[in-house]
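What follows is a single structure, written as structure tokens, with notes after it.
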Amino acid sequence: MEHQYEDEIEIDLKELLFEFKKKLWLIILAAIAGCGLFGAFSALVLQPQYTSSSMLYVLSKETTLTSLADLQIGTQLTNDYQVLVSSRPVLDVVIEELGLELDYEEMTRKLEIENPTDTRILTLTVTDGDPVMAKTIVDAITDRVSEYIGDIMEMEAPKIIEYGQVSMEPVSPNVMRNAAIGGVLGIVAVCGIVTLMVVMNDTVRTEDDVEKYLGLSTLAVIPAVDRKHPDKPERGKKRSERSAKREPGRNESGK
Numbered sequence: 001m002e003h004q005y006e007d008e009i010e011i012d013l014k015e016l017l018f019e020f021k022k023k024l025w026l027i028i029l030a031a032i033a034g035c036g037l038f039g040a041f042s043a044l045v046l047q048p049q050y051t052s053s054s055m056l057y058v059l060s061k062e063t064t065l066t067s068l069a070d071l072q073i074g075t076q077l078t079n080d081y082q083v084l085v086s087s088r089p090v091l092d093v094v095i096e097e098l099g100l101e102l103d104y105e106e107m108t109r110k111l112e113i114e115n116p117t118d119t120r121i122l123t124l125t126v127t128d129g130d131p132v133m134a135k136t137i138v139d140a141i142t143d144r145v146s147e148y149i150g151d152i153m154e155m156e157a158p159k160i161i162e163y164g165q166v167s168m169e170p171v172s173p174n175v176m177r178n179a180a181i182g183g184v185l186g187i188v189a190v191c192g193i194v195t196l197m198v199v200m201n202d203t204v205r206t207e208d209d210v211e212k213y214l215g216l217s218t219l220a221v222i223p224a225v226d227r228k229h230p231d232k233p234e235r236g237k238k239r240s241e242r243s244a245k246r247e248p249g250r251n252e253s254g255k
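Counting from 1, one number per residue, gives the positions in the sequence shown under full-length UniProt numbering.
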């Protein structure tokens with residue numbers, strides 16, 4: 001008779017929830033520890049980052065406010081300008097003028113260019129650890145872009161709507177959000193470990209486990225007997241004998 005054994009991983013949700021309940025104190029402790037660690041790391045280790053933004057308005061000599069074709073041309077020019085803003089002739093000149101210890105790739109990571117939908121406005125945003133430096137860089141890029149695009153495309157230069165402002169509120173790190181993420185990760189880690197322990201535990205504890213793991217039927221169940229230590233009765237007997245021997249002595253001393 002051939003027996004085929006299949007390795008299957010079955011999770012008893014009731015047993016799993018019971019284990020979670022037993023380890024509830026550990027889950028809460030992990031959540032608190034995760035919140036504390038991530039929050040402290042964000043507040044004490046990570047450097048605050050500040051942003052400053054400027055805006056440019058794309059306008060060509062042929063553009064009028066009444067022609068739909070002109071508006072479409074302006075939208076196409078906006079897409080071209082987005083590429084030109086982050087070009088080397090613009091950013092390298094800004095780096096040299098401000099004496100920054102940055103290369104071209106590092107500067108591009110600091111710069112973000114946005115074009116709101118259905119508009120011909122470019123928003124330039126620079127992120128830096130110094131709020132004053134963020135404003136200085138974005139203003140320099142804005143001036144250089146306006147001059148460079150007007151020269152290279154031989155057309156009306158983009159109009160500067162506004163320069164950047166010095167921001168006193170950092171955009172990152174978000175301490176509360178990072179602390180919450182740390183708490184969630186702590187809970188997930190503990191729950192994952194508990195789940196793994198339940199799944200990997202193949203100890204035979206009940207008659208259902210006998211049939212589940214061994215494929216055998218349970219004929220009878222023998223209850224566990226609380227056996228006493230064999231020395232205990234003898235010790236009790238000796239103590240009673242010693243107390244009995246002491247009784248006459250006490251009576252005699254009392255007389």
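Ideal Cβ placement from N, Cα and C applies to all residues, glycine included. Computed from a predicted structure; not experimentally measured.
Taking all protein chains in view, the Cβ of GLY39 is crowded by 16 or more other Cβ atoms within 10 Å, so the residue is classified as buried. Each of LEU16, GLN49, ILE152 and ALA157 was checked against the Cα of LYS135, and the nearest Cα belongs to GLN49. Around the Cβ of ASP128, a 10 Å sphere holds 16 or more other Cβ atoms; the residue is buried. The DSSP-derived three-state label of MET133 is helix.
In the three-state DSSP reduction, THR119 falls in the coil class, being neither helix nor strand. For the pair VAL90 and PRO158, the CB atoms are not nearer than the 9 angstroms cut-off. Take SER172, set aside five residues on each side of it, and the residues of its chain with a beta-carbon closer than 6 angstroms to its own are GLN49, in chain order.
The residue from SER53, ASP103, LYS22 and ASN178 with its alpha-carbon nearest to that of VAL45 is ASN178.
Distance from the CA of MET55 to the CA of GLY36, rounded to the nearest whole angstrom, comes to 40 angstroms.
Bounds of any beta strand (DSSP E) do not take in LEU102, whose DSSP letter is neither H nor E. Your pair SER86 and LEU111 checks out as a contact, with CB atoms roughly 6 angstroms apart and the cut at 8 angstroms.
Residue burial is scored here from C-beta neighbours: ILE141 has at least 16 other C-beta atoms within 10 angstroms and is therefore classed as buried. The alpha carbon of GLN47 has as its nearest neighbour, out of VAL199, ALA180 and GLU169, the alpha carbon of GLU169.
By the CB criterion at 9 angstroms, VAL126 and GLY164 fall inside the cutoff. Under the DSSP assignment, LYS14 falls in the alpha helix (DSSP H) whose first and last residues are 13-22.
The beta carbon of GLU19 is closer than 6 angstroms to those of VAL194 and VAL198 in its chain, skipping five residues each way along the sequence. In this chain, the beta strand (DSSP E) harbouring MET55 covers 50-57. Collapsing the DSSP output to three states places VAL145 in a helix. Around the beta-carbon of TYR81, 16 or more other beta-carbon atoms lie within 10 Å, marking it buried. In the three-state reduction of the DSSP assignment, VAL175 falls in the helix class. When only Cα atoms are considered, ILE187 and GLU15 end up about 18 angstroms apart. DSSP places GLU114 inside the beta strand (DSSP E), whose first and last residues are 111-114.
Between the alpha carbons of ILE152 and ILE181 lies a distance of about 48 angstroms. No residue range can be given for GLU169, since it is assigned to no beta strand (DSSP E) and is classified by DSSP as neither H nor E. The continuous beta strand (DSSP E) containing GLU162 extends over residues 159-162. Judged by DSSP in its simplified three-state form, VAL45 adopts coil rather than helix or strand.
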